[in-house]
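**Student:** I have a structure here, written as structure tokens, and I will follow up with some questions on it.
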Amino acid sequence: MYSGKNIPRALKNYSNYRVSRSYSKSESSGALYLNPHAWKGLPADRIFELHNLRKDAMGEKYNPDDEERRAILSTFTTLGKVKPTLEYAYEIDNFKERHMNNTPVNLRGLPPMKSNINVVDKGATPHEQRKIEQLHRISAYEMPLLAKFRQEYKPEPTKDSPIKLSFNSDFSDGSNSLNRKVTLSCNIEDLNLNEKQQRKFKILATNRFNHHTNSIKFSSNQHAEATQNARHLVSIFNRLLEASKDLSDDFSDIPVDTRHMHAKKAAPSFPESWKRPEDAPIARHKIIRRLVDEVKQKQDAQYINNYSP
């Protein structure tokens, strides 16, 4: 036991013993404390001991370098709390099912599935992110392999069909009515009709027939699907063609109507000599408007005078 008077002397002796013991260790370790680049990978307590040896040996000349800082910073992970390897829930839905009240009885109490994939608490779910990543992998590694299956495009020979069907595709909006619209066009010269049949065909087609191009054109979008509209147009065209071939009534007493082909009349343009501004009516009853403008100008002037220096 040390007395009260001997306590400072005892502490001094203990510190001298600690320094001498540290130097003895440094000598046995081959002056390892002088080479901080060799501290990497050592235990945290050993690095801390070498750090103290370096400070005591160099004294006032001690100046920590980058190698020593890196070695000390590397010990922070080992000194902290050890985290499990799998620290994230596999999916939000699975986590909720196992920890909320609506969890099935046979699954209650079971730990959540673990994975090292981070869980996004808002926005896109991990499933959507994994789908996007998979698409990126396919586009980067698998799509280029399709080049070996490349073949030259050879269009099939067109069938001798007089009609032409035109479809529309708007990929930006699937509910667009343009996607179901179908247009049918046909040249009357491809129908192998005689003169009387062609005349009856033009009469029955009315304003759908273009007399400049000698063709008929009409469209439909009344059905929900484009194939239904195409079938509807073909059915109408077949009935029109069948009726034009029936010459039991050739419509010889009905003239061909071409009024829809005439150009629309332009707006009438009056001569400059007709313009007589002196005969224009005189503007009246502007007294109230003039008084209102004068009052506004007076109020604006007063408002500006209040804020002007």
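Whatever position you read off the sequence shown (first residue = 1), add 1231 for this note's numbering.
Every residue gets a Cβ at the ideal spot worked out from N, C-alpha and C, and that includes glycine.
#1: Are the CB atoms of Arg1411 and Asn1452 nearer to each other than 7 Å?
#2: Assuming the contact rule is C-beta atoms closer than 8 Å, Val1487 and Lys1427 should be a hit. Round their C-beta distance to whole Å, please.
#3: With three or more beta-carbon pairs closer than 8 Å as the criterion, would you say the segment 1493-1507 touches the segment 1474-1484?
#4: Any idea what DSSP makes of Lys1476, helix, strand or coil?
#5: Let me know if Lys1286 comes out buried or exposed under the rule of 16 or more other beta-carbons within 10 Å of its beta-carbon.
#6: Could you give the distance in angstroms between the alpha-carbon of Ser1392 and the alpha-carbon of Asp1401?
#7: CA-CA distance, Ala1275 and Lys1362?
#8: Cα separation between Ile1278 and Gln1360?
#9: When the Cβ atoms of the segment 1442-1452 are set against those of the segment 1500-1520, are three or more pairs found closer than 8 Å?
#10: Which of the three DSSP states, helix, strand or coil, is assigned to Ile1485?
#11: Can the beta-carbon of Ser1408 be found less than 7 Å from the beta-carbon of Leu1435?
#12: Kindly give me the distance between the Cβ atoms of Leu1284 and Trp1270, rounded to whole angstroms, as I take these residues to be in contact under 8 Å.
#13: For a test of the three-state rule: what should DSSP assign to Thr1458, helix, strand or coil?
#14: Nearest CA to the CA of Gly1541: which residue from Gly1272, Leu1265, Phe1307?
#15: Put Ile1303 into one of helix, strand or coil per three-state DSSP.
#16: Report yes if the CB atom of Ser1446 is closer than 7 Å to the CB atom of Asn1418, and no otherwise.
#17: How many angstroms separate the CA atom of Arg1521 from the CA atom of Tyr1538?
#18: Candidates Leu1415, Lys1385, Phe1380: which alpha carbon is nearest Leu1471's?
#19: Exposed or buried, Lys1529, counting other C-beta atoms within 10 Å across all chains shown (16 or more means buried)?
#20: In three-state terms, what does DSSP make of Thr1414?
#21: Can you tell me where the beta strand (DSSP E) with Leu1396 in it begins and where it stops?
#22: Grab me the residues of Arg1439's own chain with a C-beta within less than 7 Å of its C-beta, minus the 5 sequence neighbours each way, in chain order.
#23: Could you tell me which of Thr1444, Ala1461, Gly1272 sits nearest to Ala1614, measuring between CA atoms?
**Tutor:** Let me spell this out:
#1: Residue mapping note: residue 1411 aligns to position 180 of the sequence shown, counting from 1. Residue mapping note: residue 1452 aligns to position 221 of the sequence shown, counting from 1. Contact: yes.
#2: Counting from one through the sequence shown, the residue named residue 1487 turns up at place 256. Counting from one through the sequence shown, the residue named residue 1427 turns up at place 196. Rounded, the Cβ-Cβ distance is 12 Å, inconsistent with contact.
#3: no
#4: As a first step, residue 1476 is located in the sequence shown; it is residue number 245 there, counting from the start. Note: Lys1476 maps to helix in three-state DSSP.
#5: The residue labelled residue 1286 in the question sits at position 55 within the sequence shown. Taking every protein chain shown into account, the CB of Lys1286 has fewer than 16 other CB atoms within 10 angstroms, so this residue is exposed.
#6: Mapped onto the sequence shown, residue 1392 falls at position 161. Mapped onto the sequence shown, residue 1401 falls at position 170. The straight-line gap from Cα to Cα measures roughly 27 Å.
#7: Numbered from 1 along the sequence shown, position 44 holds the residue referred to as residue 1275. Numbered from 1 along the sequence shown, position 131 holds the residue referred to as residue 1362. Cα-Cα distance, rounded: 43 Å.
#8: One-based indexing of the sequence shown puts residue 1278 at position 47. One-based indexing of the sequence shown puts residue 1360 at position 129. Each residue's alpha carbon lies about 43 Å from the other.
#9: no
#10: Your numbering for residue 1485 matches position 254 in the sequence shown. DSSP places Ile1485 in coil when its eight states are reduced to three.
#11: As a first step, residue 1408 must be located in the sequence shown, where it is residue number 177. As a first step, residue 1435 must be located in the sequence shown, where it is residue number 204. No, Cβ-Cβ distance for Ser1408 and Leu1435 is not below 7 Å.
#12: The residue you call residue 1284 lines up with position 53 of the sequence shown. The residue you call residue 1270 lines up with position 39 of the sequence shown. Leu1284 to Trp1270, Cβ: 11 Å. No contact.
#13: The residue given as residue 1458 occupies position 227 in the sequence shown. In the three-state reduction of the DSSP assignment, Thr1458 falls in the helix class, which pools H, G and I.
#14: There is no way to answer for residue 1541, as the model of the chain reaches only from 1232 to 1540.
#15: Start at 1 with the first residue of the sequence shown, and residue 1303 comes out as number 72. Here Ile1303 sits in helix by DSSP.
#16: The count along the sequence shown starts at 1 and reaches residue 1446 at position 215. The count along the sequence shown starts at 1 and reaches residue 1418 at position 187. Taking 7 Å as the Cβ cut-off, Ser1446 and Asn1418 qualify as a contacting pair.
#17: Taking the sequence shown and counting its residues from 1, the one referred to as residue 1521 is at position 290. Taking the sequence shown and counting its residues from 1, the one referred to as residue 1538 is at position 307. The straight-line gap from Cα to Cα measures roughly 27 Å.
#18: What you label residue 1471 is simply residue 240 of the sequence shown in a count that begins at 1. Residue Leu1415 is the option with its Cα nearest to Leu1471.
#19: As a first step, residue 1529 must be located in the sequence shown, where it is residue number 298. So Lys1529 counts as exposed.
#20: The residue you call residue 1414 lines up with position 183 of the sequence shown. Reduced to three states, the DSSP call for Thr1414 is strand.
#21: The residue you call residue 1396 lines up with position 165 of the sequence shown. Bounds of the beta strand (DSSP E) holding Leu1396 are 1394-1398.
#22: Start at 1 with the first residue of the sequence shown, and residue 1439 comes out as number 208. Counting only Cβ-Cβ distances below 7 Å, and skipping sequence neighbours, we find Ile1447, Lys1448, Phe1449.
#23: No statement about residue 1614 is possible, as the shown extent of the chain runs from 1232 to 1540 and does not include it.
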